[in-house]
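Position 193 (the sequence shown) corresponds to 227 in my numbering; numbering is contiguous.
First up is the structure itself, then whatever we jot down about it.
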Amino acid sequence: MLLWIPIGSTPKDSSCFIDIGNTPPPKPSCFWCTGWASTPVDTRAWPLFLTERSIAVLGADLPGFGKSSGKRGHARSMETYYKTIDLVKEEINKLYPGVPIFLFGQSMGGNIVLNYLLDRKPDVSGVLATSPWILLQKMPPAITVAIARLVVKLFPAFSQPNNLDPRDFSRDPATIEAYRADPLVHNRVSAGIGFALLNAGFFLNDYQGALPCPVLLTHGTADALTDPQATEAFANRLQGPVTLKLWDGLYHETHNEPEKAQVLEYLADWINRHLK
């Protein structure tokens with residue numbers, strides 16, 4: 035089941051809320067924060083894997099993506115994403131009062147939910163970050179960062195192609211084709227939010243300290259987009275209930291790899307072990 039629920043009283047560039055394939059009554063609920071240019075509604079059926087295990091999977095088109103309003107690939111700041119998570123959490127509490135909430139972020143979404151966790155310290159049962167954007171495999175040169183800093187001040191909404199290659203997402207041809215065929219997917223990134231996400235990744239790369247709740251970090255070792263070594267180093271610096279899982283030989287979207295059943299079973303098991 036797909037259910038679109040417009041969120042009331044949202045800023046102009048905020049999102050719509052989506053309820054994906056929930057099987058009431060769920061034991062926990064999991065908010066899905068997508069990667070760059072991805073949308074929660076696509077032809078890949080991984081949410082059904084979790085809902086069949088009584089885990090409600092809910093997602094939102096982030097500002098600048100999918101059916102949300104606003105310029106493609108642009109948001110005013112990380113705070114815009116945080117407000118979206120706040121609004122979706124409110125909707126989850128209305129739909130499933132008292133049901134534990136987990137935040138689940140992939141790639142860019144991993145960057146967002148980890149920074150949200152450390153900044154807001156929300157009342158959630160756990161955070162899952164798969165292939166999180168902490169450091170990129172191809173970091174921009176210093177001169178590019180310097181130019182971007184200037185452009186951000188003058189033209190924050192200026193956008194350009196992100197140059198992502200769908201073949202780096204998964205070894206599964208069907209996943210690659212689904213991404214290419216999705217009319218809601220785009221390849222734009224604005225100077226403002228691109229620079230904000232880059233800095234947010236740098237913050238995670240420097241962070242060492244306590245966790246307000248259990249955290250699961252996973253990464254494919256053959257990821258050509260985000261750096262699994264940065265994820266491993268981040269996990270080693272954290273103090274508290276952190277679990278690290280490296281998937282040998284898997285690409286960026288581990289949940290859409292040929293081994294996805296094993297990956298999703300691991301995620302579902304971790305969620306169920308951390309219910310509170």
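We put the CB at the ideal spot given by N, CA and C, even for glycine.
From a predicted model like this one, the values you see are computed outputs, not experimental measurements.
Inset, instruction - Pull up the CB-CB distance for residue 196 and residue 70, whole angstroms please, since I reckon it's below 8 Å. - result: To locate residue 196, count along the sequence shown from 1; it is residue 162. To locate residue 70, count along the sequence shown from 1; it is residue 36. Correct: roughly 6 Å between the Cβ atoms.
Legend entry - Classification of residue 294 by the beta-carbon crowding that lies within 10 angstroms, buried from 16 upward: Reading the sequence shown from its first residue, position 260 is the one you call residue 294. Flag for residue 294 reads buried.
Legend entry - Identity of the residue in 106, 131, 152 and 181 nearest residue 217 by Cα: By one-based count along the sequence shown, residue 217 stands at place 183. Nearest option by C-alpha distance: 106.
Inset, instruction - Flag this pair as yes or no: are the beta carbons of residue 61 and residue 156 separated by less than 9 Å? - result: Working through the sequence shown from its first residue, we reach residue 61 at position 27. Working through the sequence shown from its first residue, we reach residue 156 at position 122. For residue 61 and residue 156, no; Cβs fall outside 9 Å.
Inset, instruction - State the DSSP-derived secondary structure class of residue 99, mapped to helix, strand or coil. - result: Here residue 99 is taken as the residue at index 65 of the sequence shown, counted from 1. Residue 99: coil per DSSP, three-state reduction.
Legend entry - Cβ contact check for the region 240-258 and the region 223-231: 3 or more pairs under 8 Å: no
Legend entry - Per DSSP, cross-strand counterpart(s) of residue 139: Your numbering for residue 139 matches position 105 in the sequence shown. Looking at the DSSP assignment, residue 139 forms a beta bridge with 67 and 163.
Legend entry - Rounded straight-line distance, which links the Cα of residue 192 to that of residue 186: What you label residue 186 is simply residue 152 of the sequence shown in a count that begins at 1. What you label residue 192 is simply residue 158 of the sequence shown in a count that begins at 1. Roughly 8 Å separates the two Cα atoms.
Legend entry - Buried/exposed call for residue 153, threshold 16 Cβ in 10 Å: Locating residue 153 in the sequence shown gives position 119, where the first residue counts as 1. By the neighbour-count rule (16 or more Cβ atoms within 10 Å), residue 153 is not buried but exposed.
Inset, instruction - Could you tell me which residues DSSP puts in a beta bridge with residue 253? - result: Here residue 253 refers to the residue found at position 219 of the sequence shown. In the DSSP output, where bridge partners are listed per residue, residue 253 has 280.
Inset, instruction - Tell me residue 87's beta-bridge partners as DSSP assigns them. - result: Position 53 of the sequence shown, counting from 1, holds the residue named residue 87. Beta-bridge pairing links residue 87 to no other residue.
Legend entry - Bridge partner(s) assigned by DSSP for residue 223: To locate residue 223, count along the sequence shown from 1; it is residue 189. Per DSSP, 194.
Legend entry - Reference residue 163; option with closest CA among 59, 252 and 190: For this step, residue 163 is matched to residue 129 along the sequence shown. The shortest Cα separation from residue 163 among 59, 252 and 190 belongs to 252.
Inset, instruction - Could you check the C-alpha separation between residue 158 and residue 148 for me, to the nearest Å? - result: Counting from one through the sequence shown, the residue named residue 158 turns up at place 124. Counting from one through the sequence shown, the residue named residue 148 turns up at place 114. Approximately 12 Å between the Cα atoms of the pair.
Inset, instruction - Indicate whether residue 322 and residue 262 have their beta-carbon atoms separated by less than 9 Å. - result: The structure shown does not extend to residue 322, since the chain spans only 35 to 310, so no value can be given for it.
Inset, instruction - Check the C-beta distance from residue 249 over to residue 161 and give it rounded, since I have them as a contact under 8 Å. - result: Looking up residue 249 in the sequence shown gives position 215. Looking up residue 161 in the sequence shown gives position 127. Right, their Cβ atoms sit about 5 Å apart.
Inset, instruction - State the Cα-Cα distance for the pair residue 238 and residue 265, rounded to the nearest angstrom. - result: In the sequence shown, the residue the question calls residue 238 occupies position 204. In the sequence shown, the residue the question calls residue 265 occupies position 231. About 9 Å.
Legend entry - the region 205-225 / the region 164-178 touching (three or more Cβ pairs under 8 Å): no
Inset, instruction - Give the C-beta separation of residue 298 and residue 289 to the nearest angstrom, bearing in mind that I take them to be a contact with Cβ-Cβ under 8 Å. - result: Within the sequence shown, the letter at position 264 stands for residue 298. Within the sequence shown, the letter at position 255 stands for residue 289. Correct: roughly 6 Å between the Cβ atoms.
Inset, instruction - For residue 258, name the three-state secondary structure that DSSP assigns. - result: Against the sequence shown, residue 258 aligns to sequence position 224. If DSSP states are grouped into helix, strand and coil, residue 258 belongs with coil.
Inset, instruction - Measuring alpha carbon to alpha carbon, tell me which of 96, 178, 240 and 280 ends up nearest residue 272. - result: The sequence position of residue 272 within the sequence shown is 238, counting from 1. Of 96, 178, 240 and 280, the residue nearest in Cα terms is 240.
Inset, instruction - Please say whether residue 150 and residue 28 have beta carbons closer to each other than 9 Å? - result: Here the chain has residues from 35 to 310 only, and residue 28 is not among them.
Legend entry - Nearest-angstrom beta carbon gap, residue 97 and residue 139 [assumed within contact, 8 Å]: Here residue 139 corresponds to residue number 105 of the sequence shown, with the count starting at 1. Here residue 97 corresponds to residue number 63 of the sequence shown, with the count starting at 1. With 8 Å as the limit, residue 139 and residue 97 do not qualify as a contact, their Cβ atoms being about 15 Å apart.
Inset, instruction - Tell me residue 244's beta-bridge partners as DSSP assigns them. - result: Locating residue 244 in the sequence shown gives position 210, counting from the first residue. Bridge partners of residue 244: 273.
Inset, instruction - Check whether the Cβ atoms of residue 308 and residue 136 sit closer than 9 Å, and answer yes or no. - result: Here residue 308 refers to the residue found at position 274 of the sequence shown. Here residue 136 refers to the residue found at position 102 of the sequence shown. For residue 308 and residue 136, yes; Cβs fall inside 9 Å.
Inset, instruction - Have a look at 59, 88 and 68 and flag the residue whose alpha-carbon is nearest the alpha-carbon of residue 303. - result: In the sequence shown, counting from the first residue as 1, residue 303 sits at position 269. Cα-wise, what sits closest to residue 303 is 88.
Inset, instruction - Hey, could you find the ends of the alpha helix (DSSP H) residue 300 is sitting in? - result: Along the sequence shown, read from residue 1 onward, the residue named residue 300 stands at position 266. Per DSSP, residue 300 belongs to the alpha helix (DSSP H) from 294-307.
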